[in-house]
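Data block below; observations after.
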Ligand code: FES
């Protein structure tokens, strides 16, 4: 088993979030419900990262799983 996350895609996932709601971002890269956790990390070294929205609107969740600003995209996908 690798301890590097799977690169789901080298681009962020845009998602509509709601103020005050919490979301669990997939950190392992194996979820079928990207960018969110579906429990696929079981048995890996990864656990999902909780994100609580502070406003309603669109955010860009990291899709490459290599962002230094998880769970959001920080542009790292362009250097993979
Ligand atoms: S998608 Fe991972 S840093 Fe942009």
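Residue numbers (my numbering): 956 to 1035.
Cβ atoms here follow ideal geometry from the backbone N, Cα and C, with glycine treated the same way.
Measuring alpha carbon to alpha carbon, tell me which residue in the options is nearest residue i.
i, options, result
"residue 967", "1034, 1035 and 1030", "1030"
"residue 1004", "972, 1035, 958 and 1027", "1027"
"residue 962", "972, 971, 970 and 985", "985"
"residue 1006", "971, 965, 1000 and 959", "971"
"residue 1009", "973, 960 and 958", "973"
"residue 1017", "976, 981, 977 and 958", "981"
"residue 978", "1015, 998 and 1021", "1015"
Give the DSSP bridge partners of residue i, in chain order.
i, result
"residue 1013", "971"
task: For ligand 1, list every residue whose C-beta falls under 7 Å from any of its heavy atoms, going in chain order.
output: 965, 966, 967, 1017, 1018, 1019, 1020, 1021, 1022, 1028, 1029, 1030, 1031 and 1032
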